[in-house]
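Structure first, then comments.
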Amino acid sequence: MQTTISIHEDIPTREQIETVVHPTDTRPILISGSQGFVDHVSALCLSLGVHSDRLVFEALYPTGKMTKDLHDMFDPDVHPFFPADESRAMKELPELGELFYMVVKQTTNHVVITDYNGVILFANEAAERITGYSLKEMYYQTPRLWGGLMSPAFYKIVWDKKSAGKSVVYEILNRRKDGSLYVALAHIAPILREDKIIAYVATEEDITEFKRLDKAKTEFIFLASHQLLTPLSAISWNAEMLLDGDAGALSPQQQKCVVEIQQRNQRMVALINALLNVARFEMGTFSISPETVQLEVILHSVLDELEPSVQKNKLQVKHVCKKDLAAIHTDPNLLRIIFLNLLSNAVKYSLEGGEIRCSLTSTKEGIQIDVSDDGIGIPKAQQNKVFQKLFRADNAMRKDTHGTGLGLYIVKAIVNRLGGTIAFESEENRGTTFHVSLPLYL
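If you count by my numbering, then the sequence shown holds residues 49 to 490, one letter each, in order.
Written as structure tokens, this is what we have:
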């Protein structure tokens, strides 16, 4: 005679449970599965009048980790945590498990646990507060309940990364139950058992207010920078007039001072133009005008512009353009900014007498641009910050005190906008190589 009714994970309905479970039956009911499954089946059993002391769970979670509604349905004196297999029972102290549960439940960040297929098994109070959906409404749904507003390509990238066992961090636009939109910083990490993904834990932080303030700051920087260009242009024009002798001959000392004024003015104009470019990208107002472009033409133009600095530092510049190099359909102005920033960095951070190499090659996907130098390199401990806005490595600041820390941030933003990728290798005191891949057609 069967002494235990076993219910394993397959989301049974009330009618299915009613055929095998009866309130007058005394046999224990073994429920095995994920937290959401156990909560669901237990609630159905209790709603049929089954006494709570008949419910036996495999070692999944202590009573404290149940939903409050389900926990309240049990008799006060009944502790429904009975491992069916002692070898699988959790070894943690009950107090520690309870503390961990309370931390996750009450943390201010939205926390959701899903199964391998993305079905929600657990959500904390912050998830309910931020999304507007109750825990009951979330069960057996996916996070698309409040998401699904990004492009299919975006979700494919996220899914591919997390399915490969990688943690994923991204910004996402969501919609609350009341219809209002919010921006969240999301982090998904796989939960592994014996190197096999069994679930995912996702956290989200509502950064809508931060994004609003950041946008306001960007707009202010754009307006202020734009207004500064007018007086700086006047300073440059007057300095040129003085150097040309329009106001009379200058003494050697006076000429030296005016040249210094002009140089400092040019650096300020370069900084403001960089800030304007950053603001345009962050506001989404940087227009793109694609056309057929010959990369070697833009490369030679940039090298001609940098020639005085190359000669001053006695550098050797070698560039290779493959004969079969294809023309690409992209924005020539943005492409020029990429070349100018990468090559000017190579010039600034090379040692006197060093060598700079630039190669352009065709690939199956498009065009590959490689820019190398044998200069000061980037310290290993700081390489993860290279593309951050306003970041400059310690040795770079010692070598050139006038940098802005915006060049590589802008390059990465442009490359992303053009549908490409950028990567680099670097070793301190040995040099750096940047690799940019761009598609043939934008």
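The C-beta atom is built at its ideal place from N, Cα and C for all residues, glycine as well.
The structure displayed is predicted, hence computed values, not measured ones.
Between which two residues does the beta strand (DSSP E) holding residue 278 run?
Taking the first residue of the sequence shown as 1, we reach residue 278 at position 230. Per DSSP, residue 278 lies in no beta strand (DSSP E) segment; the continuous alpha helix (DSSP H) that holds it begins and ends at 256-291.
If I measure Cβ to Cβ from residue 354 and keep anything under 7 Å in the same chain, skipping five residues before and after, which residues do I get?
To locate residue 354, count along the sequence shown from 1; it is residue 306. Closer than 7 Å at Cβ, skipping near neighbours: 391, 392 and 395.
Do you know offhand how far residue 223's Cα is from residue 98's?
-> What you label residue 223 is simply residue 175 of the sequence shown in a count that begins at 1. What you label residue 98 is simply residue 50 of the sequence shown in a count that begins at 1. When rounded, the distance between both Cα atoms is 39 Å.
| request: Note down the Cα distance separating residue 423 from residue 197, rounded to an integer number of angstroms. | output: Locating residue 423 in the sequence shown gives position 375, counting from the first residue. Locating residue 197 in the sequence shown gives position 149, counting from the first residue. Answer to the nearest angstrom: the Cα atoms are 45 Å apart.
| request: Can you give me the start and stop residues for the alpha helix (DSSP H) that residue 441 sits inside? | output: Your numbering for residue 441 matches position 393 in the sequence shown. Residue 441 -> no alpha helix (DSSP H), and no H or E assigned at all.
Among 232, 322, 338 and 245, the one whose alpha carbon lies nearest that of residue 257: Taking the sequence shown and counting its residues from 1, one reaches residue 257 at position 209. Ranking 232, 322, 338 and 245 by CA distance to the CA of residue 257 puts 232 first.
Backbone CA spacing between residue 262 and residue 248 [nearest angstrom] | The residue labelled residue 262 in the question sits at position 214 within the sequence shown. The residue labelled residue 248 in the question sits at position 200 within the sequence shown. One C-alpha to the other measures close to 31 Å.
Roughly how many angstroms lie between the CA atoms of residue 349 and residue 408, to the nearest whole one? As a position in the sequence shown, residue 349 is number 301, starting the count at 1. As a position in the sequence shown, residue 408 is number 360, starting the count at 1. Taking the straight line joining both Cα atoms gives about 15 Å.
Problem set entry | Anticipated Cβ contact below 8 Å, residue 448 with residue 427, distance rounded | As a first step, residue 448 is located in the sequence shown; it is residue number 400 there, counting from the start. As a first step, residue 427 is located in the sequence shown; it is residue number 379 there, counting from the start. The beta carbons of residue 448 and residue 427 sit about 15 Å from each other, so the pair does not count as a contact at 8 Å.
ask   = Is the beta carbon of residue 458 sitting closer than 8 Å to the one on residue 385?
value = In the sequence shown, counting from the first residue as 1, residue 458 sits at position 410. In the sequence shown, counting from the first residue as 1, residue 385 sits at position 337. Contact flag set, yes.
Along the chain, where does the beta strand (DSSP E) containing residue 218 start, and where does it finish?
As a first step, residue 218 is located in the sequence shown; it is residue number 170 there, counting from the start. Taken as a continuous stretch (DSSP letters only), the beta strand (DSSP E) holding residue 218 covers 216-223.
**OP:** Could you say which of 378, 187 and 325 lies nearest to residue 337 if we only look at CA atoms?
**Re:** Numbered from 1 along the sequence shown, position 289 holds the residue referred to as residue 337. For residue 337, the nearest C-alpha among the options comes from 378.
Below 8 Å on the Cβ atoms is my guess for residue 175 versus residue 159; work out the distance and round it to an integer in Å.
Taking the first residue of the sequence shown as position 1, residue 175 is located at position 127. Taking the first residue of the sequence shown as position 1, residue 159 is located at position 111. Going by Cβ atoms, the distance from residue 175 to residue 159 rounds to 6 Å, so yes, they are a contact pair.
* To do: Would you kindly work out how many angstroms separate the C-alpha atoms of residue 307 and residue 205, rounded to a whole number?
  => The sequence position of residue 307 within the sequence shown is 259, counting from 1. The sequence position of residue 205 within the sequence shown is 157, counting from 1. The C-alpha of residue 205 is placed about 52 Å away from the C-alpha of residue 307.
Between the Cα of residue 264 and the Cα atoms of 75, 327, 209 and 318, which residue gives the shortest distance? Taking the sequence shown and counting its residues from 1, the one referred to as residue 264 is at position 216. Nearest of 75, 327, 209 and 318 to residue 264, Cα basis: 327.
Inset, instruction - Could you tell me whether the Cβ atoms of residue 225 and residue 180 are closer together than 8 Å? - result: Numbered from 1 along the sequence shown, position 177 holds the residue referred to as residue 225. Numbered from 1 along the sequence shown, position 132 holds the residue referred to as residue 180. Here residue 225 is near residue 180, since their CB atoms are less than 8 Å apart.
For residue 466 versus residue 382, is the C-beta spacing smaller than 8 Å?
Numbered from its first residue, the sequence shown carries residue 466 at position 418. Numbered from its first residue, the sequence shown carries residue 382 at position 334. Going by C-beta atoms, residue 466 is nearer than 8 Å to residue 382.
DSSP three-state call for residue 388: helix, strand or coil?
The residue given as residue 388 occupies position 340 in the sequence shown. Three-state result, residue 388: helix.
task = Decide if the stretch 207-221 is in contact with the stretch 229-244; the criterion is three or more beta carbon pairs, one per stretch, under 8 Å apart.
result = Yes, the stretch 207-221 is in contact with the stretch 229-244.
**Asked** Where do the N-terminal and C-terminal ends of the alpha helix (DSSP H) with residue 64 fall, by residue?
**Response** Residue numbering aside, residue 64 sits at position 16 when the sequence shown is read from its first letter. Counted as a single uninterrupted DSSP element, the alpha helix (DSSP H) harbouring residue 64 occupies residues 62-68.
Closest to residue 482 by C-alpha separation, out of 456, 73 and 345, would be which residue?
Along the sequence shown, read from residue 1 onward, the residue named residue 482 stands at position 434. Ranking 456, 73 and 345 by Cα distance to residue 482 puts 456 first.
Notebook entry, point to check: According to DSSP, which residues form a beta bridge with residue 340?
Noted result: Position 292 of the sequence shown, counted from the first residue, corresponds to residue 340. Paired residue(s): 377.
* Asked: Looking only at its own chain, which residues have a Cβ that is under 7 Å from the Cβ of residue 387, when we skip the five neighbours before and after it?
  -> Locating residue 387 in the sequence shown gives position 339, where the first residue counts as 1. So the list reads 346, 347 and 350, once near-sequence residues are dropped.
Item checked: Beta-carbon contacts of residue 314 that lie in its chain and below 8 Å, excluding the five residues immediately before and after -> For the purposes of this step, residue 314 is taken as residue 266 along the sequence shown, with counting starting at 1. So the qualifying residues of the chain are 284.
*Identify which residue in 360, 414, 402 and 250 has its Cα closest to the Cα of residue 487.*
Looking up residue 487 in the sequence shown gives position 439. Nearest in C-alpha terms to residue 487, of all of 360, 414, 402 and 250, is 414.
**Request:** Give every residue of the same chain whose Cβ lies closer than 6 Å to the Cβ of residue 78, excluding the five residues on either side of it in the sequence, and list them in chain order.
**Result:** Translated into the one-based positions of the sequence shown, residue 78 becomes position 30. Cβ within range, chain order: 52, 54, 104 and 132.
- In terms of residue numbering, what span does the beta strand (DSSP E) encompassing residue 72 cover? One-based indexing of the sequence shown puts residue 72 at position 24. Judged by DSSP secondary structure, residue 72 falls outside any beta strand (DSSP E); it is assigned neither H nor E.
message: Are the CB atoms of residue 200 and residue 166 within a distance shorter than 8 Å?
response: Taking the sequence shown and counting its residues from 1, the one referred to as residue 166 is at position 118. Taking the sequence shown and counting its residues from 1, the one referred to as residue 200 is at position 152. No, Cβ-Cβ distance for residue 166 and residue 200 is not below 8 Å.
Margin query: On the criterion of 16 or more Cβ atoms from any shown chain inside 10 Å, does residue 389 qualify as buried, or is it exposed?
Written below: Locating residue 389 in the sequence shown gives position 341, where the first residue counts as 1. Using a 10 angstroms sphere on the CB of residue 389, the tally of other CB atoms reaches 16 or more, which defines it as buried.
Coil, strand or helix - residue 418 by DSSP: Against the sequence shown, residue 418 aligns to sequence position 370. Residue 418 falls in the strand class under three-state DSSP.
What does the Cβ neighbour count give for residue 162, buried or exposed, with the cut at 16 atoms within 10 Å? Within the sequence shown, the letter at position 114 stands for residue 162. Under this definition residue 162 is a buried residue.
Q.
Can you tell me whether residue 170 is helix, strand or coil according to DSSP?
A. For this step, residue 170 is matched to residue 122 along the sequence shown. In this structure, residue 170 counts as strand in the three-state DSSP scheme.
Quiz prompt | Distance between beta carbons of residue 330 and residue 266, contact taken as under 8 Å | solution = On the sequence shown, residue 266 is found 218 positions in, with the first residue counted as 1. On the sequence shown, residue 330 is found 282 positions in, with the first residue counted as 1. Going by Cβ atoms, the distance from residue 266 to residue 330 rounds to 5 Å, so yes, they are a contact pair.
Exercise. In angstroms, rounded to a whole number, what distance separates the CA positions of residue 288 and residue 278?
Worked result: The residue given as residue 288 occupies position 240 in the sequence shown. The residue given as residue 278 occupies position 230 in the sequence shown. Straight through space, the alpha carbons of residue 278 and residue 288 are spaced by roughly 16 Å.
So if DSSP puts residue 489 in a beta bridge, which residue, or which two residues, is it bridged to? Working through the sequence shown from its first residue, we reach residue 489 at position 441. According to DSSP, which records beta bridges pairwise, residue 489 is partnered with 377.
Q | 8 Å contact criterion, which residue 416 and residue 474 should meet: CB distance rounded | A | Walking along the sequence shown from the start, residue 416 turns up at place 368. Walking along the sequence shown from the start, residue 474 turns up at place 426. Not a contact, Cβ separation roughly 18 Å.
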